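Colleague: This structure is in structure tokens; I'll ask about it shortly.
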Ligand SMILES: Cc1cc2nc3c(=O)[nH]c(=O)nc-3n(C[C@H](O)[C@H](O)[C@H](O)COP(=O)(O)O)c2cc1C
């Protein structure tokens, strides 16, 4: 291997790690659209993620139309008072104070983050067997698994461009149905998530994972063996 090739690989590796570290969920966006070319680049990065079947129909619907966005949000949005939000989050009895803080921040923003994002994308996949009744083999979940790999690639690619985002999963099947009807998505296509992308607003909060996760999550040769 020539010196220049090795240098190039090292540079590429460093850029990738920086992008992984830079990626954070953002729910507060600056009022700045994403250029179509940048959006296409980012979404195409998603299509480079592993796929068990290239024909499986990973599809993105970019929702540019402001009225359609409002219609989508109407499908699920219920305004809660601050008190109701706290009561709901407390009913989940979360052990981690960091997670509680994240939900208290995130819940009231589920509609605004989709409305104010520089771009809103509906991430879809084709599920051939019933998703929620998968019992025979985890392979029945392959299409579902790979669409999320695709989302991660999109978020990391976006981070390299200074663009961040958030995913929102439709919480009930009638919400997915409303999304399908609004955007003309066929019935056999599943909606994995809404993906809101944009430039972060100044001071947008982030909720990074607690430090030290790597030190306690990677085992060597045997479950629980941290050093091998
Ligand atoms: C499968 C999945 C579903 C998620 N659903 C939502 C959601 O419905 N609403 C939301 O605001 N964030 C959602 N998130 C974002 C997480 O809350 C976020 O990743 C978490 O707070 C960690 O922050 P980070 O992405 O900056 O590491 C989801 C993330 C994943 C991976």
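Residue numbers (the numbering used here): 5 to 232.
No residue lacks a Cβ here, since even glycine has one placed at the ideal position from N, Cα and C.
Fair warning: this is a prediction, and the values are worked out from it, not measured in the lab.
In the DSSP assignment, find the beta strand (DSSP E) that holds residue 171 and state where it starts and stops.
Modeller: Locating residue 171 in the chain shown gives position 167, where the first residue counts as 1. Per DSSP, residue 171 belongs to the beta strand (DSSP E) from 168-172.
Colleague: Taking 7 Å as the threshold (C-beta atoms), are residue 201 and residue 162 in contact?
Modeller: Residue numbering aside, residue 162 sits at position 158 when the chain shown is read from its first letter. Residue numbering aside, residue 201 sits at position 197 when the chain shown is read from its first letter. Cβ distance < 7 Å, so residue 162 and residue 201 count as in contact.
Colleague: Taking the runs of the beta strand (DSSP E) that are 3 residues or longer, which of them lie wholly in the segment 37-74?
Modeller: Taking only runs of at least 3 residues, the beta strand (DSSP E) segments lying wholly in the segment 37-74 are 63-66.
Colleague: Contact between the segment 168-180 and the segment 26-38 is defined here as three or more beta-carbon pairs at a separation below 8 Å; is this criterion met?
Modeller: yes
Colleague: Please confirm if the segment 124-139 is in contact with the segment 52-64, defined as three or more CB-CB distances below 8 Å between the two stretches.
Modeller: yes
Colleague: If you measure from the beta carbon of residue 181 to each beta carbon in chain B, is any gap under 7 Å?
Modeller: Looking at the structure shown, chain B is missing, and only one protein chain is on hand.
Colleague: Helix or strand or just coil, what does DSSP make of residue 210?
Modeller: Mapped onto the chain shown, residue 210 falls at position 206. When secondary structure is reduced to three states using DSSP, residue 210 falls in the coil class, being assigned neither helix nor strand.
Colleague: According to DSSP, which residues form a beta bridge with residue 198?
Modeller: Locating residue 198 in the chain shown gives position 194, where the first residue counts as 1. BP columns for residue 198 point to 126 and 172.
Colleague: In or out: residue 194 buried (at least 16 other Cβ within 10 Å) or exposed?
Modeller: Numbered from its first residue, the chain shown carries residue 194 at position 190. Buried, by the Cβ-count rule.
Colleague: Distance, Cα to Cα, residue 104 vs residue 213?
Modeller: Taking the chain shown and counting its residues from 1, one reaches residue 104 at position 100. Taking the chain shown and counting its residues from 1, one reaches residue 213 at position 209. Their backbone Cα atoms lie some 13 Å apart in a straight line.
Colleague: Relative to ligand 1, is the shortest distance from any of its heavy atoms to the C-beta of residue 170 smaller than 6 Å?
Modeller: As a first step, residue 170 must be located in the chain shown, where it is residue number 166. Between ligand 1 and residue 170, a heavy atom-to-CB distance of less than 6 Å is present.
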